[in-house]
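Asks:
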Amino acid sequence: MENLDLNRLPKHVAIIMDGNGRWAKEQGEDRLFGHYHGVASVRKVVEAATEIGIKYLTLYAFSTENWDRPAQEVTGLMTLFVDTIAKEVPDLHKNNIKLHFIGNLSMLPDEAKKALEDATQQTAQNTGLSLIIALSYSSRWELVEATKKIAEKVKNGEMSVDQITETTLSESLATSAFPDPELMIRTSGECRISNFLLFQLAYAELYFTDTRWPDFRKADLVKALLDYQSRERRFGKTSAQVQTNDI
Ligand code: FPP
7 MENLDLNRLP
17 KHVAIIMDGN
27 GRWAKEQGED
37 RLFGHYHGVA
47 SVRKVVEAAT
57 EIGIKYLTLY
67 AFSTENWDRP
77 AQEVTGLMTL
87 FVDTIAKEVP
97 DLHKNNIKLH
107 FIGNLSMLPD
117 EAKKALEDAT
127 QQTAQNTGLS
137 LIIALSYSSR
147 WELVEATKKI
157 AEKVKNGEMS
167 VDQITETTLS
177 ESLATSAFPD
187 PELMIRTSGE
197 CRISNFLLFQ
207 LAYAELYFTD
217 TRWPDFRKAD
227 LVKALLDYQS
237 RERRFGKTSA
247 QVQTNDI
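Position in the sequence shown (from 1) plus 6 gives the number in our numbering.
Structure (structure tokens):
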């Protein structure tokens with residue numbers, strides 16, 4: 007932790023929390039056991055991100071594709087989300103954390119929708135860490151929705167085709183209120199992005215660790231941040247340009 011340069015932290019860290027199922031299997035337990043232990047990691051990482059001074063933290067909790075998992079696991083996960091949110095919101099609120107949810111939330115059961123709306127409303131005035139939970143989210147879904155919004159505006163004469171830019175596209179995404187993540191972490195050994203923030207991660211540093219999500223703690227986050235700080239971010243420029251600040 008003392009080696010971290012607090013002046014060069016990423017503003018936004020995004021995490022694919024992977025490996026709950028494998029972790030549970032290794033313990034001889036069922037998959038939901040892994041998800042329940044994954045919540046403990048969420049708590050620890052949120053605490054650590056607040057303490058370190060990260061401004062935005064996005065957690066991929068449930069993808070559009072996850073709806074195709076066995077019904078028992080999907081129902082168990084929905085119950086876990088509702089219970090966790092209800093249980094954690096008072097503490098999150100006390101710590102000035104603002105909750106946001108992104109994804110195709112219309113697919114969620116009514117009880118879950120209500121829990122998310124309440125949590126968003128209760129923490130709306132907070133000014134600390136923005137905790138963004140991606141639920142029933144996929145980046146391709148989000149890009150299709152953004153395209154529809156823009157097409158609708160063009161159709162209604164509110165904008166012309168020439169006015170469509172990277173900025174208008176970015177502003178039409180579910181993440182329009184947040185800066186793009188500079189660091190994306192994926193746990194449990196898979197080296198892929200899995201339909202997560204495809205547009206927003208264009209220049210993010212990607213960090214993959216073998217650690218399963220239920221084992222991920224503050225020390226693992228610090229390790230990822232130190233790795234991020236050891237990299238030279240060039241944005242397509244040359245190393246010499248970056249080093250002379252010519253960007
Ligand atoms: C991926 O591991 C994990 C999930 C699909 C669920 C993640 C959810 C939590 C950690 C609960 C978080 C709760 C809140 C409220 C944010 P996997 O099941 O794909 O693991 P595997 O690849 O080893 O099978």
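Beta carbons: idealized from backbone N, C-alpha and C, even for Gly.
#1: What does the Cβ neighbour count give for residue 66, buried or exposed, with the cut at 16 atoms within 10 Å?
#2: With a threshold of 7 Å (Cβ to nearest heavy atom), would residue 219 be considered close to ligand 1?
#3: Just the C-alpha distance for residue 35 and residue 42, rounded to the nearest angstrom, thanks.
#4: Does the Cβ of residue 198 have 16 or more other Cβ atoms within 10 Å, making it buried, or fewer, making it exposed?
#5: Using only alpha-carbon positions, find the residue among 140, 112, 11 and 188 that is nearest to residue 200.
#6: Got a sec, what are the start and stop residues for the alpha helix (DSSP H) residue 167 sits in?
#7: Return no unless some Cβ of chain D is closer than 8 Å to the Cβ of residue 166.
#8: Three-state secondary structure (DSSP) at residue 190?
#9: Give a yes or no on contact between the segment 19 to 38 and the segment 154 to 173, applying the rule of three or more CB pairs nearer than 8 Å.
#10: Would you be able to state if there are at least three C-beta pairs under 8 Å between the segment 180 to 187 and the segment 208 to 219?
#11: Buried or exposed: which applies to residue 206, given that a residue is buried once 16 or more other Cβ atoms fall within 10 Å of its Cβ?
Replies: Let me spell this out:
#1: Sequence index remark: in the sequence shown, residue 66 carries index 60 (1-based). So residue 66 ends up on the buried side.
#2: Taking the sequence shown and counting its residues from 1, the one referred to as residue 219 is at position 213. For ligand 1, at least one heavy atom lies less than 7 Å from the Cβ of residue 219.
#3: As a working note, residue 35 is residue 29 in the sequence shown. As a working note, residue 42 is residue 36 in the sequence shown. Using only the alpha carbons, I get a separation of about 11 Å.
#4: Position 192 of the sequence shown, counted from the start, is the residue given in the question as residue 198. Flag for residue 198 reads exposed.
#5: Start at 1 with the first residue of the sequence shown, and residue 200 comes out as number 194. Of 140, 112, 11 and 188, the residue nearest in Cα terms is 140.
#6: For the purposes of this step, residue 167 is taken as the residue at position 161 of the sequence shown. Looking at the DSSP string, residue 167 is not in any alpha helix (DSSP H), and its letter there is neither H nor E.
#7: Absent from the structure: chain D. Only one protein chain is present.
#8: For this step, residue 190 is matched to residue 184 along the sequence shown. Of the three classes helix, strand and coil, the one that applies to residue 190 here is strand, per DSSP.
#9: no
#10: yes
#11: Sequence index remark: in the sequence shown, residue 206 carries index 200 (1-based). Buried.
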